[in-house]
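S.K.: Dropping the structure in here first, questions after.
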Amino acid sequence: MHSFVAIFGVFICFTTTIAFVENVPQLRSHRIRVGENSYFVYPDVTKNFIDSLDFCKSNNQKLAVINNQNENAELVAQMKILFNEDALLWIAGALIPSTGDWIWLPSRDTITSFDWGTGEPTMKNEFCLSIKPHFFKSGTWNDQDCSTVGYPLCQTVS
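Quick note: full-length UniProt numbering has the sequence shown finishing at residue 158, numbered continuously throughout.
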């Protein structure tokens, strides 16, 4: 099975091999409910942005789409309990450098509501969107180098 992700105008192909393995321990996860949405964080899993997209998909989820500041604040309140001060969590936002637009992946919907931290976005080769629960003011958003390792913040697919 091949999956294609378009990011920054480049198509990236992932090949997925399906294997059946017995006695695989289930990953430890924490469920966070905000309104009608369910989010999952996996405190034992760290990945870069692209691998985080793939990880959520492999768990029948998607990397989180956060629609407003209230939703962000509720998520961050829970994440502050679960993670230490250095934690970085990936959400599904990515920058299209040629247009300067921020979009949600994989839908490519334009992000219309932002919760940027002070001085963000810096736009210094940082094309992916993260949350640092203890950084800035109450876990506001940060543009981040996509190769940075962080925790995937997954969301159930509706």
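Glycine included, every Cβ here is placed at the ideal spot set by N, Cα and C.
Should Thr99 be labelled buried (16 or more other beta-carbon atoms within 10 Å of its own) or exposed?
M.R.: Answer is exposed; the Cβ neighbour count stays below 16.
S.K.: Give me the DSSP bridge partner(s) of Gln155.
M.R.: According to DSSP, which records beta bridges pairwise, Gln155 is partnered with Tyr39, Lys62.
S.K.: Compare the Cα-Cα distances from Leu153 to each of Gly35, Lys62, Val34 and report the closest residue.
M.R.: Residue Lys62 is the option with its Cα nearest to Leu153.
S.K.: Distance, Cα to Cα, Ser58 vs Lys124?
M.R.: Going by the C-alpha atoms only, they are around 31 Å apart.
S.K.: Within 10 angstroms of the Cβ of Val157, are there 16 or more other Cβ atoms? Answer buried if so, exposed if not.
M.R.: Result: exposed.
S.K.: Can you name, in chain order, every residue of its own chain whose Cβ lies under 8 Å from the Cβ of Asp44, other than the five neighbours on each side?
M.R.: If we look at Asp44 and ignore the five residues flanking it on each side, its Cβ neighbours are Leu27, Arg28.
S.K.: I need the boundaries of the beta strand (DSSP E) containing Ile96, first residue and last residue.
M.R.: 89-96 is the extent of the beta strand (DSSP E) around Ile96.
S.K.: Which residues in the same chain have their Cβ closer than 7 Å to the Cβ of Lys47, if we skip the five residues on either side of it in sequence?
M.R.: Taken in chain order, the residues that qualify are Phe55, Val149, Pro152.
S.K.: In three-state terms, what does DSSP make of Asn23?
M.R.: Reliability fails at Asn23, whose pLDDT of 44 lies under 50, so the model's placement of it is uncertain and no value is given.
S.K.: DSSP has residue 242 in a bridge; who is on the other side?
M.R.: With the chain covering 1 to 158 only, the question about residue 242 has no answer from this structure.
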